[in-house]
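Enquirer:
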Amino acid sequence: MVEMVNRPYASAFEKFAAGNPDILCLSADLTSSCEIDGFRDRHPGQFVSLGMAEQNMMSFAGGLGLAGFRPFIHTFGVFMYRRPYDQLMASIAYPRRKVRLMGFLPGVTTPGGMTHQSIEDIAVMRSIPNMTILETGDATEVESICEAADSIDGPVWCRVLRGSVPRLFDTPIRVGEMRELARGDDILVVTSGICTEEALRARSALQKAGLSIRHLHLHTIKPFDHQALLDHVGSIRHGVITLENHVTEGGIGSLVAETMADAGVGKRLVRLGLKDTYAHGGSRAYLMRWYGLDALALVRGIEDLVGQSFGIGEDDLDAARIDAVHSIVKAEAL
């Protein structure tokens, strides 16, 4: 039984930031939605509300960084880069300010549809010089994201999970590394974020079908250990498959493809994710099934990779965890 942790970010951020006057908590009018309402109430001297004015918030945070503070910006990820892209570039990325961008609701983790779903943020952030990218995949990584981000001498983009989050790992994020979750030699599966849990659901069924799976989980997307990936790719028999809560262009599928191409690796690669589309509204489980981001989609992708059907259906997979769209651990459905 997977342990579920309610609002891990709320307690982790308060534990990390409270009493450290250099750390300031910035909010863009989504304070309770980003689990920092308790911090606001208990540590008002370290809290700044900037309202629904994200462009100003980026420039303000850049100024705080120049003055020696380490601001943690909190809002939904989609509002952190689409609206204030120019200010993000000019005030934070270019001067390498120590600003920590805590982006909530990555990908299809919200039923809010296109306006709230951050589906291309990794592609955007990977192209920005000086930017580090971290993504949380479980409660332990959420609990360690503040310390990991704050260890970077420069801006950090973080994809943060909220609400009720499963605990899958025992160790915190170690920036620049990747987690090796299984060491098979047939297929290399590379996942990040919420897709790692889906890959874990599929692994036992694939093993019963006779496939030896090597599984890597990425919490650090930039900087990336290209040689470590190539060592894994060189050790597997058939090929590589990636699964991500993001469009397939510019995300971890592209990252793996670029690494293999630059090294002249000729093994086959299958990239699973959102295929040149926006997602509509719906529960996370529904959206992951509809857009091919779940465990069954991974199985079908592996069948395509090896050119063989294994007869695996939904009933053969480990049980899915169903999230309530409305929950006492979330401020609202969006």
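Residues 6 to 339, numbered by the working numbering, are exactly what the sequence shown covers, in order.
Where is the CB? At the ideal position from N, CA and C, for every residue including glycine.
Indicate whether L322 and A207 have their beta-carbon atoms separated by less than 7 angstroms.
Expert: Along the sequence shown, read from residue 1 onward, the residue named residue 322 stands at position 317. Along the sequence shown, read from residue 1 onward, the residue named residue 207 stands at position 202. Closer than 7 angstroms, so yes.
Enquirer: Spatial neighbours of T264 within its chain, please: C-beta separation below 7 angstroms, excluding the five flanking residues on both sides.
Expert: In the sequence shown, the residue the question calls residue 264 occupies position 259. So the qualifying residues of the chain are H231, L234, L235.
Enquirer: Buried or exposed, going by whether 16 or more other CB atoms sit within 10 Å of the CB of V7?
Expert: Working through the sequence shown from its first residue, we reach residue 7 at position 2. That one is exposed.
Enquirer: Name the residue from R294, S314, E249, A15 whose alpha carbon lies nearest to the alpha carbon of C200.
Expert: Here residue 200 is taken as the residue at index 195 of the sequence shown, counted from 1. The candidate whose alpha carbon is nearest that of C200 is E249.
Enquirer: Which residue marks the beginning of the alpha helix (DSSP H) containing G70, and which one marks its end?
Expert: For the purposes of this step, residue 70 is identified with residue 65 of the sequence shown, where counting begins at 1. Where G70 is concerned, the enclosing alpha helix (DSSP H) stretches over 59-71.
Enquirer: Mind checking which residues open and close the beta strand (DSSP E) that includes E48?
Expert: Reading the sequence shown from its first residue, position 43 is the one you call residue 48. In the sequence on display, residue 48 carries His and not Glu. It is not in any beta strand (DSSP E) - H48 carries neither H nor E in the DSSP assignment.
Enquirer: When the Cα of V104 is compared with those of A72, P116, S123, R88, which residue comes out closest?
Expert: Mapped onto the sequence shown, residue 104 falls at position 99. Nearest of A72, P116, S123, R88 to V104, Cα basis: A72.
Enquirer: In the DSSP output, what is N25 paired with across the bridge?
Expert: Locating residue 25 in the sequence shown gives position 20, counting from the first residue. Note: N25 sits in no beta bridge, so no partner.
Enquirer: Are V165 and T141 close, meaning C-beta to C-beta below 7 angstroms?
Expert: For the purposes of this step, residue 165 is taken as the residue at position 160 of the sequence shown. For the purposes of this step, residue 141 is taken as the residue at position 136 of the sequence shown. Yes, the pair counts as a contact, with Cβ atoms nearer than the cut-off.
Enquirer: To the nearest angstrom, how far is the alpha carbon of H222 from that of N11?
Expert: Working through the sequence shown from its first residue, we reach residue 222 at position 217. Working through the sequence shown from its first residue, we reach residue 11 at position 6. Those two C-alpha atoms are separated by around 22 angstroms.
Enquirer: Between R242, V147, S38, which lies nearest to G189 when the distance is taken from Cα to Cα?
Expert: Numbered from 1 along the sequence shown, position 184 holds the residue referred to as residue 189. Minimum Cα distance to G189 is reached at R242.
Enquirer: Are R75 and D27 touching if we call contact CB-CB under 7 angstroms?
Expert: In the sequence shown, residue 75 corresponds to position 70, counting from 1. In the sequence shown, residue 27 corresponds to position 22, counting from 1. Against a cut-off of 7 angstroms, the Cβ pair of D27 and R75 comes out as a contact.
Enquirer: In the DSSP assignment, what residue or residues form a beta bridge with P13?
Expert: Along the sequence shown, one-based indexing puts residue 13 at 8. Partner(s): none; P13 has no beta bridge.
Enquirer: Nearest CA to the CA of L211: which residue from H224, V194, K227, T225?
Expert: Residue 211 sits at position 206 when you count from the first residue of the sequence shown. Nearest C-alpha to L211: V194.
Enquirer: Figure out for me which residue from V261, A268, G286 has the closest Cα to the Cα of V275.
Expert: On the sequence shown, position 270 is the one that residue 275 refers to. It is V261.
Enquirer: What's the C-alpha gap between L35 and F84?
Expert: Your numbering for residue 35 matches position 30 in the sequence shown. Your numbering for residue 84 matches position 79 in the sequence shown. Straight-line Cα distance between these residues: approximately 11 angstroms.
Enquirer: Is M107 helix, strand or coil by DSSP?
Expert: Along the sequence shown, read from residue 1 onward, the residue named residue 107 stands at position 102. Note: M107 maps to strand in three-state DSSP.
Enquirer: Considering only the beta carbon of each residue, do C151 and A17 sit closer than 7 angstroms?
Expert: Counted from its first residue, the sequence shown places residue 151 at position 146. Counted from its first residue, the sequence shown places residue 17 at position 12. The answer is yes: Cβ separation under 7 angstroms.
Enquirer: Go through the region 169-249 residue by residue and report every complete run of the alpha helix (DSSP H) that reaches 4 residues or more, in order.
Expert: Within the region 169-249, the complete alpha helix (DSSP H) segments at least 4 residues long are 200-213, 231-239, listed from N- to C-terminus.
Enquirer: DSSP on V270, reduced to helix/strand/coil?
Expert: Position 265 of the sequence shown holds residue 270. Coil, per DSSP.
Enquirer: Can you tell me whether D46 is buried or exposed, with buried defined as 16 or more other CB within 10 angstroms of its CB?
Expert: Locating residue 46 in the sequence shown gives position 41, counting from the first residue. Answer is exposed; the Cβ neighbour count stays below 16.
Enquirer: What are the boundary residues of the beta strand (DSSP E) that F84 is part of?
Expert: Indexing the sequence shown from 1 puts residue 84 at position 79. Unbroken run through F84 is the alpha helix (DSSP H), 82-86; no beta strand (DSSP E).
Enquirer: Report the rounded CA-to-CA distance for P49 versus S38, giving the unit in angstroms.
Expert: The residue labelled residue 49 in the question sits at position 44 within the sequence shown. The residue labelled residue 38 in the question sits at position 33 within the sequence shown. If I take the Cα positions, the gap works out to 17 angstroms.
Enquirer: Suppose the cutoff is 7 angstroms on Cβ atoms and the five residues either side in sequence are ignored; what does the same chain contact list for G297 look like?
Expert: Locating residue 297 in the sequence shown gives position 292, counting from the first residue. Here the set comprises L277.
Enquirer: Helix, strand or coil for T137 per DSSP?
Expert: By one-based count along the sequence shown, residue 137 stands at place 132. Strand.
Enquirer: Buried or exposed, going by whether 16 or more other CB atoms sit within 10 Å of the CB of T120?
Expert: The residue you call residue 120 lines up with position 115 of the sequence shown. The residue is exposed, with fewer than 16 neighbouring Cβ atoms inside 10 Å.
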